[in-house]
Amino acid sequence: MSYPHDLPTEYFEPLNREITGETEFARETVTYWQDVWRRFRKNRLAMLGLGMIIFLILLAAFGPYVSRVSYSDQDLTRTNEPPSRDFWFGTDNLGRDMFIRIVYGARISMSIGFVATFINLTLGVLYGGIAGYFGGKVDNIMMRIVDILYGIPIILVVILLMVVLKPGLTNVFLALGIAYWIGMARIVRGQILSLKEQDYVLAAQALGARRWRILLRHLIPNALGPILVTVTLNIPAAIFLEAFLSYIGLGVSAPMASWGVLASEGYIAMRSYPWQLFFPALAISFAMLGFNFIGDGLRDALDPRLRKG
Amino acid sequence: MVRRLISMVLAVWVIATITFLLMHSVPGGPFSRDKALPPAIIRNLEARYHLDWPLWKQYVYQMYNILRWDFGPSMKYESRSVNQIIRDGFPISARLGAVAVALSIMVGLPVGIISALRHNRWQDNVAMGLATLGVALPSYVVAALFVYVFALKLGWFPSSLWGTPKHYVLPALALAGFPMAFIARLARSSMLEVLQQDYIRTARAKGLSERVVIYRHALKNSLIPVVTYIGPLIANVFTGSFVIERMFGIPGLGRHFITSIYNRDYTTIMGTTVFYSVFLVIMILVTDLTYALIDPRISIADERK
Amino acid sequence: MKTKKLVAVFLALVMVVALGAGCTKTQTTPPAQDQPAPKEPMVLRYNLGVEPETLDTAKMTGIPEFNAVLPALEGLTRIKADGMPGPGMAYKWDISEGGTKYVFYLRDAKWSNGDPVTAYDFEFAWKRALDPEVAADYAYMLYHVKGAEAYNSGEGSVDDVGVRALDDKTLEVHLETNAPFFLDLCAFPTYMPVPSKVVKANPDWHASAATFVSNGPFKLIKWEHQSILEYEKNPDYWDKDAVKLDKLVFYMVEESSTELTMFETGEIDYADNPPLPEIDRLKAQGVFKVSSLLGTYYYIFNTEKPPLNDWRVRKALTLAISRKDITEKVTKAGQLPALAWVPPDIPDAKPGPDFREVGGNYFKDNDVETARALLAEAGYPGGKGMPPLEILYNTSEAHKAIAEVIQEMWKKNLGIENVTLTNQEWKVYLATRDAGTFMIARAGWLGDYNDPMTFLDMWVTGGGNNNSRWSNKEYDALVTKARLETDPVKRMQMLHELEDMLFADGAWPIMPIYYYVDSYLMKDYVKGVYISPLGPVDFKHAWIDK
């Protein structure tokens, strides 16, 4: 087998686009996204996932306004009650309604999920993409920075953040921003390292496409599979990270609680009051399934090779 | 390659330096206690561990110790040195980690490949559904459930502690859960990509048997994301998991990464961090070398651009 | 119907018996006659919970470390089952008039390496713990000894420390002031002897079981870090006939749910601190037991921060919570509502009622009416105009639940709407508390010795543990006076006066919530374990009755 890059680069000369005009793409961007949406809509599981996530968003946004009790209302005479008509998900150790607490928790955990996804898809993908595509010295420096971020004990950073900032979600987002994209960056870089040696990249280069364009329009879309897997699996990891951060003192103040915090409180009570673990875990699993269905659907819809007629 | 090695050493040095600055800037010290110690005693303790030195001198001293690979005495466990703590804990964590990593690769990889080959059929859906639900529970919940079912209710395995092969089963399973799911999903998705590539179609069109197509051509090229993930995974899992070791009462190294920080045990923080970092940068180098093995076109020392 | 009733009565009986067994501290004299010689070795397995920081008695500060050396080592005295100090390495002692000079007479006892235990071993151990170079955390426990503080602070000479071996078997001790609890202290690890010959030859003798030397009821035979400690009966112990167990095994499992599983599968016989949500179930099974623990759980007010600089606000907040609800519904282990500061079970000057019973309570629980009136008087009728308050606690499920309940009670009872809860990681919390940058902080205080002074002297102006920053010159003067007082009745009277001052108008630096209890799980066949109200556990007289 012979590899295209074994040919001396002098043999090639980028096309002058002013002469040849835009020959590179047959499709318009608009139709591209319309196309994606059409394919996505056809995928039943993907639409179900979308429905699940929209349901959770609506619940998180409006649920608290509809309910008559608050997440903090205690009734010490009705602690640790199993699910019933009064309390759909039972009550916790202070007689608070678990259902309402989970609805409020959705606000925190869903926003954590979205922020983690956003950070992964922007910072993580771009960073990894640049390192992988430009390679060499750039890659070496960028990847050593990633190693350093991997190596520094994140708890120390988190404790420092807690001291500097007031408690709240901003802290958690910041902690996610510092630590939560390195896995993604490495995955993307690994993919790009391999993809950039493929024929179509060379073809695009020969056609005079800019480097950025090649990276964004050719390489990253072809690495979508691993990217989406990483994004979706990083969501629960982020939700649990938030629970751990709240242990150290970051995040929202009690009595407000995220799903992660509810689950980690619930597991201690697992044997006597299993519903205190079951329902938060159910909520996380529900969101996870939703995100996964969307992720899989997107992957199929965005796949450049499946994009025919 | 030499340049790469130098950059690795630099990375470890930067990690150690940042860690040093961080641990001296977070509130609380190794001797802050619920019951305040008299000032004279604090003075004696600080003198003993050189904490009365100016910060730059402490830094130089600690860097010198790192070079000698002697991290000094633990400030929490007064009769043990940090080297001894690593020597005691690491072999245990590494053995458990090896089992867990092996398990997650040996199960995750085939499951992912089979899912890809049976794309959107029931095998795929069941496997991916399980993989999704498996990661929706944090590892301590999984561990607690395992202990409850397999140790307490069924009595098949010991609930905790360390020693016999039986002691590996539950913690290794709990530890392998998340990476197994991750590897299965990564393998599946990149296998799906690869199977649609032109050269696979070509190979199939040439009438090569499905086995040859999959094992000779597809599998190798779908491994890159999995390898990317496994490199740091080995560094993480071999040095121990705080949660799993705590849940199962395993005398490994994992807990020290976390508890040394809670205790502000400066020498142990530095020792464990440097130990981990060295392991990590080596594993990442190995990962990059493996890329070249899988796909000879990839060259990390590539300087052409 | 009838059978149901019978079953209920039976269950109730079982519970009463079980609870009774839990409350009685120990049975010192087991029925020796009808106990057949055990065929298989008698082993007790206990979960110590954590790796001991060290087994060097000079440097240890925590209960797990004390528990780890208590089987293997013995001081001049050993605490008996009734909580009073009894003979240990010393078989008798003389106390001078005024209580500042002690002479101990040592019995013929041996270290496990065959060396005799001598008075020099004690002198050496105490002076070693005080050596500034050794830098022992708990050296201040020895500050009662004359000249000890000066030597430890680098201001005095080792020769002026008031401990001296007159000969191999006689130890003379001079104290700074009268300390009625000194014999209790003599059982404390910091006061335990070390084998001076071994220590001089190998300063790290305490770091492994192979080189550790014992003089107690058991010998340390195994120490696997973070895993296991093993002891076997010491045949050379002076009181070996009282020791029934052949072997003692300590595990170091930290996670309480795993510990519970080990208890339920029978891998351990005895464990501390069962998980809070399981308490109801474990109580019903009769394995959940409590014993008294000298300590108070409380909130500290930062008396320098408005509106908490007004004592009426502090008192109002203190009165407006229901401790009954907190102890019955939240903490559940059998803690007692604290309506004063010094916990029960500390003896008063005369035998009979303890210090708490003599002192009585200082306020009523859940006294919402008085609280509202006080708050109105302070200028915040119905909570109106109240600036935001903040409760600081270190992360733990229990602290969080208590803070949440108190937040709700202040809201309901006083109309204070704006109370935020802040949790911090332990050492950050300590730093915040010590720096005084909090408003209200959760805290707990456990006594160091069995005397009210260990609770009262912490509130002196500028005291290292006085995080409320409350200051009262009269209080400071009375603490000093009580320390010098040699008449026990007068001294105890002064201690009562001190506590009165904490809850007088203008004071109220703290809000007591409950008195601690030591809660644990113990199989019914475990007998004779003595759990000290100061925390440590003594297995000397323990046995298994299977």
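Those sequence lines, one after another, are chains A, B and C.
Residue numbers are given in numbering that gives the first Met the number 0: position 236 of the first sequence equals residue 235, and the series is strictly consecutive.
Residue numbers are given in numbering that gives the first Met the number 0: position 145 of the second sequence equals residue 144, and the series is strictly consecutive.
Residue numbers are given in numbering that gives the first Met the number 0: position 474 of the third sequence equals residue 473, and the series is strictly consecutive.
Glycine included, C-beta positions come from ideal geometry on N, C-alpha and C.
query = Nearest CA to the CA of residue 262 of chain B: which residue from B:49, B:77, B:193?
reply = If we check each option's Cα against that of residue 262 of chain B, B:77 comes out closest.
query = Does the stretch 296-311 of chain C come within contact of the stretch 436-456 of chain C, defined as at least 3 CB pairs closer than 8 Å?
reply = Of all C-beta pairs linking the stretch 296-311 of chain C to the stretch 436-456 of chain C, three or more are shorter than 8 Å, placing the two stretches in contact.
message = Quick check: residue 191 of chain A and residue 204 of chain A, are their CB atoms within less than 8 Å of each other?
response = no
task = Would you list, in sequence order, the uninterrupted alpha helix (DSSP H) runs of no fewer than 4 residues that lie entirely inside the stretch 284-316 of chain C?
result = none
message = With distance defined between alpha-carbon atoms, name the residue in C:235, C:338, C:266 nearest to residue 250 of chain C.
response = C:266
ask   = residue 420 of chain C versus chain A: which residues are under 8 Å apart at the beta carbon?
value = 252, 253, 254
task = Please report the Cβ distance between residue 170 of chain A and residue 240 of chain A, rounded to the nearest whole angstrom; I am assuming they are in contact, meaning their Cβ atoms lie under 8 Å.
result = Not really, about 12 Å apart at Cβ, beyond 8 Å.
inquiry  = Quick check: the Cα distance between residue 389 of chain C and residue 402 of chain C, rounded to an integer number of angstroms?
reply    = 10 Å
task = Name, please, each residue of chain B whose Cβ falls closer than 9 Å to the Cβ of residue 427 of chain C.
result = Here the neighbours are 25, 26, 27.
key: Residue range of the beta strand (DSSP E) that includes residue 169 of chain C   = In this chain, the beta strand (DSSP E) harbouring residue 169 of chain C covers 169-173.
query = Name the residues in the stretch 399-417 of chain C whose C-beta lies less than 8 Å from a C-beta of chain A; which are they?
reply = 399, 400, 402, 403, 404, 406, 407
Partner residues on chain A for residue 441 of chain C, Cβ-Cβ distance less than 8 Å = Those do not exist, as residue 441 of chain C stays about 12 Å from chain A at its closest Cβ, beyond 8 Å.
message = Quick check on this structure: which residue in B:208, B:214, B:205 has the alpha carbon closest to the alpha carbon of residue 190 of chain B?
response = B:214
ask   = Who are the neighbours of residue 161 of chain A on chain C, taking C-beta pairs under 8 Å?
value = 423, 424, 427
ask   = Is any beta-carbon of chain A found at less than 8 Å from that of residue 72 of chain B?
value = Not an interface residue.
ask   = So which residues on chain C does residue 247 of chain A lean against when the C-beta distance must stay under 9 Å?
value = Think of a sphere of 9 Å around the beta carbon of residue 247 of chain A: the chain C residues whose beta carbon falls inside it are 394, 422, 423, 424, 427, in chain order.
ask   = Can you find a C-beta in chain C that's less than 8 Å from the C-beta of residue 73 of chain A?
value = yes
message = Within 8 Å of any Cβ in chain A, is that where the Cβ of residue 563 of chain C sits?
response = Look at the range of chain C in this structure, 0 to 545, and you will see that residue 563 of chain C is not part of it.
message = For a test of the three-state rule: what should DSSP assign to residue 260 of chain C, helix, strand or coil?
response = helix
query = What does a CB cutoff of less than 7 Å around residue 41 of chain B pick up in its chain, not counting 5 residues either side in sequence?
reply = 30
query = Should the stretch 63-72 of chain B be regarded as contacting the stretch 242-250 of chain B, the criterion being three or more beta carbon pairs within less than 8 Å?
reply = no
key: Continuous beta strand (DSSP E) stretch holding residue 217 of chain C: start and end   = 217-223
inquiry  = For residue 165 of chain B, would you say it is in contact with chain C, using Cβ-to-Cβ distances shorter than 8 Å as the test?
reply    = For residue 165 of chain B, the nearest beta carbon of chain C is not closer than 8 Å to its own beta carbon.
message = For the beta strand (DSSP E) containing residue 241 of chain A, name the first residue and the last one.
response = Counting along the chain, residue 241 of chain A falls outside any beta strand (DSSP E), though it belongs to the alpha helix (DSSP H) covering 223-247.
ask   = Roughly how many angstroms separate the alpha carbons of residue 460 of chain C and residue 494 of chain C, rounded to a whole number?
value = 17 Å
query = Measuring CA to CA, which of B:284, B:297, B:196, B:21 is closest to residue 8 of chain B?
reply = B:284
ask   = CA-CA distance, residue 457 of chain C and residue 32 of chain B?
value = 15 Å
query = Under a Cβ-count criterion, where at least 16 other Cβ atoms within 10 Å of its own Cβ denotes burial, should residue 87 of chain C be classed as buried or exposed?
reply = buried
request  = Determine which residues of the stretch 75-88 of chain B have a Cβ less than 9 Å from any Cβ of chain E, and write them out in chain order.
outcome  = As a matter of chain content, chain E is missing from the structure shown, whose protein chains are A, B and C.
key: Host alpha helix (DSSP H) of residue 275 of chain A (start-end)   = 274-301
key: Whole-number beta carbon distance between residue 112 of chain B and residue 194 of chain B, since they are thought to touch under 8 Å   = At roughly 10 Å, the Cβ-Cβ gap does not stay under 8 Å, so residue 194 of chain B and residue 112 of chain B are not in contact.
task = Can you check the stretch 199-284 of chain B for any alpha helix (DSSP H) of at least 4 residues that lies completely inside it and give the ranges in chain order?
result = Whole alpha helix (DSSP H) segments, 4+ residues: 218-221, 223-237, 241-247, 253-262.
ask   = What residues in the stretch 259-274 of chain A bring their beta carbon closer than 8 Å to a beta carbon of chain C?
value = 264, 266, 267, 268, 269, 270, 271, 272
Proximal residues, the stretch 305-337 of chain C versus chain A, C-beta separation under 8 Å = 324, 328, 329
query = What is the residue span of the beta strand (DSSP E) that residue 389 of chain C lies within?
reply = Annotation: the continuous beta strand (DSSP E) that includes residue 389 of chain C extends over 388-393.
According to DSSP, residues forming a beta bridge with residue 249 of chain C = Partner(s): C:45, C:228.
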